[in-house]
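Take a look at the structure set out below.
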Amino acid sequence: MMRRIVSVWLIDWPVTVWANGAGRVSPPEQPVGTHDGPPFALITRTARGAVIHALNAAARAAGLSAGQTQADARAILPTLICRPADLAADRAALERLAVWSERWSPAVVVDTGQEGMEGLFLDVTGAGHLFGGEAALLAGMEARLAEAGARARLALAPTPGAAWALARWGREQAVVSEGRTRDALASLPVEALRIEAAALRQARRFGLKRIGDLYDMPRAGLARRFRDGAGVGLVQRLDQALGLAAEALIPTRPPPKYRAWEAHAEPLCDIAGVEGRLPELAADLAAALEKDGQGARALTLTGFRTDGRTTALTIKSGLPGRDVPVWMRLFRERGVERLDLGFGVDALMLSADLTEPVKAHQASLEDEAAARHAESLTALIDRLSARLGEAAVRVAEPQGSWLPERAERWRPALGLKRAVRPDAEVADADPRHRPILLLDPPEPVEAIAELPDGAPALFTWRRLARRVARADGPERLSPEWWRPPAPEREARTRDYYRVEDEQGLRYWLFREGLYGREYTGADDERAPSWWMHGMFP
1401 MMRRIVSVWL IDWPVTVWAN GAGRVSPPEQ PVGTHDGPPF ALITRTARGA
1451 VIHALNAAAR AAGLSAGQTQ ADARAILPTL ICRPADLAAD RAALERLAVW
1501 SERWSPAVVV DTGQEGMEGL FLDVTGAGHL FGGEAALLAG MEARLAEAGA
1551 RARLALAPTP GAAWALARWG REQAVVSEGR TRDALASLPV EALRIEAAAL
1601 RQARRFGLKR IGDLYDMPRA GLARRFRDGA GVGLVQRLDQ ALGLAAEALI
1651 PTRPPPKYRA WEAHAEPLCD IAGVEGRLPE LAADLAAALE KDGQGARALT
1701 LTGFRTDGRT TALTIKSGLP GRDVPVWMRL FRERGVERLD LGFGVDALML
1751 SADLTEPVKA HQASLEDEAA ARHAESLTAL IDRLSARLGE AAVRVAEPQG
1801 SWLPERAERW RPALGLKRAV RPDAEVADAD PRHRPILLLD PPEPVEAIAE
1851 LPDGAPALFT WRRLARRVAR ADGPERLSPE WWRPPAPERE ARTRDYYRVE
1901 DEQGLRYWLF REGLYGREYT GADDERAPSW WMHGMFP
């Protein structure tokens, strides 16, 4: 299929970002920092001092240009209004616009190759008929961008280089069909090839002013005529523009393989309207997944707002699926009302962000009750995670360690594989010897024992003294020398005791440190200490 690329040139993009920024609007009678307002420039600091980074039409009409120093510009136009440029904000706004532009294509590329020529590339191969033809596509894009506050020129061509050149130097909304690229570029200036400044200066010195002047020149001879290798870059850009050399476009975000999309002539301004369209989108997406034997574990609903922003909501599932009613229930649990529609959304996209193969099974040949129980548990976890958040629903995952605080870790239950890894099997410990409540971290205890290395006879915990009626132990756990100790604890041997006080309450205590081996009496700070680590029923 013939490649079709749209280049969007965002005219004076830094000024657009400034004009649309919150808190940057002056009184209506004297708007500052707008395209149609009084002369205005954004300034950056360089080794030459303050330099114009971007300016509006009024400043350009007065004879100013990007790259001039602020002092020179003020000498020409004393009334020039200057403000500091925010390059990070310009880039962030451009990336947001790229996400918003996914309404037309899932493959959108941010183009910041030349200062003052910021824009986007969109790969719309095979998508023109969805918008009433390629000319209608460009017209719609320009209108939507204007509504979002961006001034733009667009062109559509078989190559990124040709589309870029035509958007900036060609006629408005140029659409170049296959086989017409050479003619469309011939009259454009050489700088439309995106060449370096050194190559441009040498080309002008040789009298090469138009791209068409390069067509009949042998490529090898053309490259040799330029000094310092500048001709190599010129030849490469020429061949890329004409489709004789490949030029890859890497999307800002990986495009989803499975998505359902629809545009609306009138914006949807309330949540009810979005909810009404969601089942049909979900059905289309489920059909595409079923065709490839896939199921979705993560779905994102994206609304493309009329002001150039997007709003999105994501749901996740522990198992891959394509059951539309289940998806609808999860979206309701997640809260579709969380979508910020602004002044309305005129396009919706439902995409499958994470997919896995769906394995078919015959319920009659397996334990149906067990299968239904597993599905019910997964559905419960999905709904709780959607309503409360992933971090609020957790399960304990066994780990390969004998130390109680390292024997398990808490993980989000959503999507956690139920199988336990072989190195995490720690089932040799008798569960009756482990408390149902583990204190993490252990709490200090003052204990008195009849023998230095014996069980406690009396201990004080949380300022209450308790006399021991029964004690069982010790169970010795040596330090894991192959692992670094916790920052707040020293790795020493532990002797655990299961003790019961006179009221019948049962505790899990341990003495940290051994007399004679890890403590000789020379350092009181290293003396064995007692700790409360848990409680039994």
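Position in the sequence shown (first residue = 1) + 1400 = my numbering. Backbone N, C-alpha and C define an ideal beta-carbon position, used for all residues, glycine too. Small disclaimer: the values here were computed from a predicted structure and weren't measured.
Classify M1402 as buried or exposed, calling it buried when 16 or more other Cβ atoms lie within 10 Å of its own Cβ.
-> Here residue 1402 refers to the residue found at position 2 of the sequence shown. Exposed is the call here.
How would you call K1609, buried or exposed, if buried means at least 16 neighbouring beta carbons within 10 angstroms?
-> Here residue 1609 corresponds to residue number 209 of the sequence shown, with the count starting at 1. Classification for K1609: exposed.
Hey, how far is the Cα of S1407 from the Cα of A1623?
-> If you number the sequence shown from 1, residue 1407 lands on position 7. If you number the sequence shown from 1, residue 1623 lands on position 223. Going from the Cα of S1407 to the Cα of A1623 covers about 27 Å.
Near L1466, which residues of its chain fall below 6 Å by C-beta distance, leaving aside the five closest residues on each side in sequence?
-> By 1-based counting over the sequence shown, the position of residue 1466 is 66. The identity of residue 1466 in the sequence shown is Ala, whereas the question assumes Leu. Counting only Cβ-Cβ distances below 6 Å, and skipping sequence neighbours, we find I1452, G1516.
Should R1594 and G1561 be called a contact, given that it needs their Cβ atoms to be closer than 9 Å?
-> Counting from 1 along the sequence shown, the entry for residue 1594 is found at position 194. Counting from 1 along the sequence shown, the entry for residue 1561 is found at position 161. Cβ atoms of R1594 and G1561: closer than 9 Å.
Taking C-beta to C-beta, are R1917 and S1929 nearer than 9 Å?
-> Within the sequence shown, residue 1917 is the residue found at index 517, counting from 1. Within the sequence shown, residue 1929 is the residue found at index 529, counting from 1. The answer is no: Cβ separation not under 9 Å.
For H1933, count neighbouring Cβ atoms within 10 angstroms of its own Cβ and tell me buried if that reaches 16, exposed if not.
-> Against the sequence shown, residue 1933 aligns to sequence position 533. Classification for H1933: buried.
Report the rounded CA-to-CA distance for I1405 versus D1840, giving the unit in angstroms.
-> Along the sequence shown, read from residue 1 onward, the residue named residue 1405 stands at position 5. Along the sequence shown, read from residue 1 onward, the residue named residue 1840 stands at position 440. One C-alpha to the other measures close to 58 Å.
Secondary structure at A1747, three-state DSSP: helix, strand or coil?
-> Counting from 1 along the sequence shown, the entry for residue 1747 is found at position 347. Residue state, collapsed to three classes: strand.
Quick one: using the 10 Å Cβ neighbour count with 16 as the cut-off for buried, is E1377 buried or exposed?
-> There is no way to answer for residue 1377, as the model of the chain reaches only from 1401 to 1937.
Smallest Cα separation from A1687: which of L1864, P1654, A1752, A1493?
-> On the sequence shown, position 287 is the one that residue 1687 refers to. A1687 has its Cα closest to that of A1752, out of L1864, P1654, A1752, A1493.
Within 10 angstroms of its Cβ, does I1715 collect 16 or more other Cβ (buried), or is it exposed?
-> By one-based count along the sequence shown, residue 1715 stands at place 315. So I1715 counts as buried.
Using the C-alpha atoms, what's the distance from P1654 back to G1721?
-> Your numbering for residue 1721 matches position 321 in the sequence shown. Your numbering for residue 1654 matches position 254 in the sequence shown. Roughly 22 Å separates the two Cα atoms.
Do L1914 and T1893 have their C-beta atoms within less than 9 Å of each other?
-> Here the question's residue 1914 lines up with position 514 in the sequence shown. Here the question's residue 1893 lines up with position 493 in the sequence shown. Contact flag set, yes.
Return the CA-CA distance between P1822 and P1798, expressed in angstroms with no decimal places.
-> As a position in the sequence shown, residue 1822 is number 422, starting the count at 1. As a position in the sequence shown, residue 1798 is number 398, starting the count at 1. Confidence is the limiting factor: at P1822 the pLDDT is only 43, short of 50, which leaves the residue's position unreliable, though a coordinate-based value still follows. Spanning the two alpha carbons is a distance of roughly 10 Å.
Residues that P1484 bridges to, as DSSP identifies them = Mapped onto the sequence shown, residue 1484 falls at position 84. Bridge partners of P1484: I1443.
Check whether G1607 and D1616 have beta carbons under 9 Å apart | Locating residue 1607 in the sequence shown gives position 207, counting from the first residue. Locating residue 1616 in the sequence shown gives position 216, counting from the first residue. The answer is no: Cβ separation not under 9 Å.
Beta-carbon spacing of A1462, L1477 below 9 Å | Within the sequence shown, the letter at position 62 stands for residue 1462. Within the sequence shown, the letter at position 77 stands for residue 1477. Contact flag set, yes.
Around the Cβ of Q1514, are there at least 16 other Cβ atoms within 10 angstroms (buried) or fewer (exposed)?
-> Numbered from its first residue, the sequence shown carries residue 1514 at position 114. Exposed, by the Cβ-count rule.
Drop a sphere of 10 angstroms on the beta-carbon of R1867, count the other beta-carbons inside from all chains shown, and report buried for 16 or more, exposed for fewer.
-> As a first step, residue 1867 must be located in the sequence shown, where it is residue number 467. Under this definition R1867 is an exposed residue.
One or two residues paired with M1935 in a DSSP bridge = Counting from one through the sequence shown, the residue named residue 1935 turns up at place 535. Note: M1935 sits in a beta bridge opposite L1837, Y1907.
Buried or exposed (CB count within 10 angstroms, at least 16 for buried), L1530 | In the sequence shown, counting from the first residue as 1, residue 1530 sits at position 130. It is exposed - the Cβ of L1530 has fewer than 16 other Cβ atoms within 10 Å.
How many angstroms separate the CA atom of A1857 from the CA atom of I1848?
-> Along the sequence shown, read from residue 1 onward, the residue named residue 1857 stands at position 457. Along the sequence shown, read from residue 1 onward, the residue named residue 1848 stands at position 448. Whole-angstrom Cα-Cα distance: 6 Å.
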